[in-house]
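Numbering-wise, numbering that gives the first Met the number 0 puts 399 at position 400 of the sequence shown, and it's gapless, one number per residue.
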Amino acid sequence: MQERLVRYFISQFLSDKRKKIICMRTYRTKDITDIHLIINAVYMAFKGKWHRTETRRILREYPGNTIDEKCTNLAKSIQKTIILMEREPDVYKVSERMDSTTHKIRQIASTSVLSQVYHWLFVLACQDIFMRQIYVHQCASIPKRGGTYGKKFVERWLQHDKKNTKYCLKIDFKKCYQHIQPNVVMKLLRNKIRDKNVLWLAETILYSYDDGLPIGSVTSQWLCNFVISHVCHYLKETLKVKHCIFYMDDGCIFGNNKKKLHEVKRQLDKYCATFGLVIKENWQVFRVDYIDKKESARMGKNVHKGRFIDFMGYKFYRDHTEIRRATSLRIRRKFKKARKHIQNKEPLSPRLCAGCLSYMGAIKHTDSFHFYNDYIKDVNLKILKGVIKNNENGKQCETRGNRNRKNRCRNVRSNPQHKCPGS
């Protein structure tokens, strides 16, 4: 009798423990019926689109003397549709565009500005939950987590933990956005979100597009990182990987044993299949770049062996970081064009100046001293900055008139509360 009681209590204890492990904790999101959150989503969706015909047509449908009043009335109508759950599915227009960096043809899905308000509302409501779930070494399409953020970690690991960065497993997910299905995303969202309104809004957004996640939508980048975060946690917590980093769908996993990394790849294939993700066939395990001490002593300089890591637009070596060859070629051409305009005293376009100054960030964060001296030093950066400063919108009130003499101030693009004196 006593043995039966002991067995019963042990079984009850173990079942309760399993329930605690299985049950996921859900979190409370921001209230998407809050009028202030909806107004914020309206301004985020309309940012940079105030001059569009579609935006003007939407604002004309709502009463108000100023843009603020019109946006508030628009937010109230959106609030009603969310409370009543009467939103129609999004309509996407798919167009093919060539990616200038990778030279790949991508199918970009664009939707109406009004639909983008709902997308931004979902992102603003769930952003805190996503940031809790997303792994610390996930970069790209996350605020304050770009290539420079991830570059610091890779450099630190290569220079200060040589033992656990001896080998590298480099992977890439095949057509990541297209392979992520709505039912998989909704299952993961229900484990984290308890608000029914937010889950309803997520369903209307996800099931509006047939081919996975639409490239070009603000929700897609967050949901993609949210799904891949489960892969990152699996690598760290279950497979006990020492170092791993993901730049959207590209990943680098480090280890001190080649066989273990091959086993990690096999386990990762099975786990990723549960989310519909497929690793490309061009995955590789290789010896990371290192300095051969014997050869270096004989040659009198650092002799590198192994392979550099081509990741996030950089070439990572054990003791320094370089720019990719294709990127350096684009930088040379851009600055050559600017140099020619300055020498001939021709007007510089703001786009050319902005491109040159943006490339300075890549030069600043890499070991490109000789490259800077050879190709960039003789270009006066103050002239480029002056062109951009004089061209900034919002500094001067410039009006443009049409046949009906209805003038629109350019300041409205940057400050919707601004009233043009000509109106």
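Just so it is clear, CB atoms sit at the ideal spot from N, CA and C, and this is done for glycine as well. Small disclaimer: the values here were computed from a predicted structure and weren't measured.
Between the options, which has its C-alpha nearest residue i's C-alpha?
{"i": "Q283", "options": "Y148, Y270, R306, L351", "result": "R306"}
{"i": "M130", "options": "Y270, R144, F310, I278", "result": "R144"}
{"i": "N39", "options": "A74, Q266, I387, P181", "result": "A74"}
{"i": "V230", "options": "G63, Q132, N256, I66", "result": "Q132"}
{"i": "S207", "options": "L356, L36, T110, D30", "result": "T110"}
{"i": "K335", "options": "G312, C125, I375, Y316", "result": "I375"}
{"i": "Y270", "options": "N256, Y233, E262", "result": "Y233"}
{"i": "V197", "options": "D30, L383, K388", "result": "D30"}
{"i": "G149", "options": "L212, E236, C251, R86", "result": "C251"}
{"i": "L356", "options": "K173, C125, K384", "result": "K384"}
{"i": "K195", "options": "C70, M311, Q180, L83", "result": "L83"}
{"i": "E236", "options": "S219, T218, V263", "result": "V263"}
{"i": "L380", "options": "F370, R338, V226, N390", "result": "R338"}
{"i": "V90", "options": "H118, I341, Q180", "result": "H118"}
{"i": "K344", "options": "A325, Y371, I382", "result": "I382"}
{"i": "V240", "options": "K48, F370, L260, G63", "result": "L260"}
{"i": "V153", "options": "F310, R193, K363, Y42", "result": "F310"}
{"i": "T100", "options": "E391, L328, H364, N390", "result": "L328"}
{"i": "D268", "options": "E280, K257, T32", "result": "E280"}
In the DSSP assignment, what residue or residues form a beta bridge with residue i?
{"i": "E85", "result": "In DSSP, E85 forms no bridge with anything."}
{"i": "T320", "result": "F315"}
{"i": "C138", "result": "Y246"}
{"i": "Y26", "result": "I192"}
{"i": "I278", "result": "F172"}
Is it true that the CB of residue j sits closer than 7 Å to the CB of residue i?
{"i": "Y246", "j": "A361", "result": "no"}
{"i": "R96", "j": "I81", "result": "no"}
{"i": "D373", "j": "T320", "result": "no"}
{"i": "W199", "j": "V122", "result": "no"}
{"i": "I170", "j": "I278", "result": "yes"}
{"i": "E53", "j": "V112", "result": "yes"}
{"i": "R323", "j": "D288", "result": "no"}
{"i": "I128", "j": "K191", "result": "yes"}
{"i": "I308", "j": "C167", "result": "yes"}
{"i": "Q158", "j": "G211", "result": "no"}
{"i": "A44", "j": "Q115", "result": "yes"}
{"i": "V183", "j": "F285", "result": "no"}
{"i": "K388", "j": "N255", "result": "no"}
{"i": "D98", "j": "F172", "result": "no"}
{"i": "N224", "j": "Q126", "result": "no"}
{"i": "A124", "j": "T25", "result": "no"}
{"i": "Y358", "j": "I341", "result": "no"}
Please go through the same chain and pick out, in chain order, the residues whose beta-carbon is closer than 6 Å to the beta-carbon of residue i, but skip the five residues on each side of it.
{"i": "W156", "result": "T164, H242"}
{"i": "N301", "result": "I290, S295"}
{"i": "Y61", "result": "K69, N72, L73"}
{"i": "Y371", "result": "I362"}
So, helix, strand or coil for residue i, using DSSP?
{"i": "E95", "result": "strand"}
{"i": "V302", "result": "coil"}
{"i": "F253", "result": "strand"}
{"i": "E397", "result": "Reliability fails at E397, whose pLDDT of 37 lies under 50, so the model's placement of it is uncertain and no value is given."}
{"i": "A40", "result": "helix"}
{"i": "I387", "result": "helix"}
{"i": "Y176", "result": "helix"}
{"i": "F285", "result": "strand"}
{"i": "R105", "result": "strand"}
{"i": "L157", "result": "helix"}
{"i": "I369", "result": "In the sequence as presented, Ile is not what sits at residue 369; that position holds His. If DSSP states are grouped into helix, strand and coil, H369 belongs with the helices."}
{"i": "L168", "result": "strand"}
{"i": "Y246", "result": "strand"}
{"i": "I308", "result": "strand"}
{"i": "I133", "result": "coil"}
{"i": "I290", "result": "strand"}
{"i": "I34", "result": "helix"}
{"i": "L73", "result": "helix"}
{"i": "W199", "result": "helix"}
{"i": "W49", "result": "coil"}
Answer yes or no: does any C-beta atom of chain C fall closer than 7 Å to that of residue i?
{"i": "V230", "result": "As a matter of chain content, chain C is missing from the structure shown, which is built from one protein chain."}
Below 7 Å CB to CB, which residues in the same chain sit around residue i once its five sequence neighbours on both sides are set aside?
{"i": "V386", "result": "L347, P349, C352"}
{"i": "I37", "result": "A74, I77, Q78, L120"}
{"i": "G312", "result": "G146, R323, T326"}
{"i": "Q395", "result": "Reliability of the predicted coordinates at Q395 is poor, the pLDDT of 36 falling under 50, and no value is obtained from them."}
{"i": "S228", "result": "Q132, I133, Y134, Q137"}
{"i": "G354", "result": "K333"}
{"i": "V41", "result": "C70, L73, A74, V116"}
Grab me the residues of residue i's own chain with a C-beta within less than 8 Å of its C-beta, minus the 5 sequence neighbours each way, in chain order.
{"i": "K314", "result": "F307, I308, T320, E321, I322, R323"}
{"i": "Q180", "result": "G211, G275"}
{"i": "P88", "result": "T203, Y206, S207"}
{"i": "I34", "result": "T71, A74, K75, Q78"}
{"i": "V217", "result": "Q115, H118, W119, V122"}
{"i": "I57", "result": "L73, V112, L113"}
{"i": "G215", "result": "I107, A108, S109"}
Under 6 Å from any heavy atom of the ligand NAP, does the C-beta of residue i make it?
{"i": "L200", "result": "In the structure on display, the ligand NAP does not appear, and there are no ligands present to speak of."}
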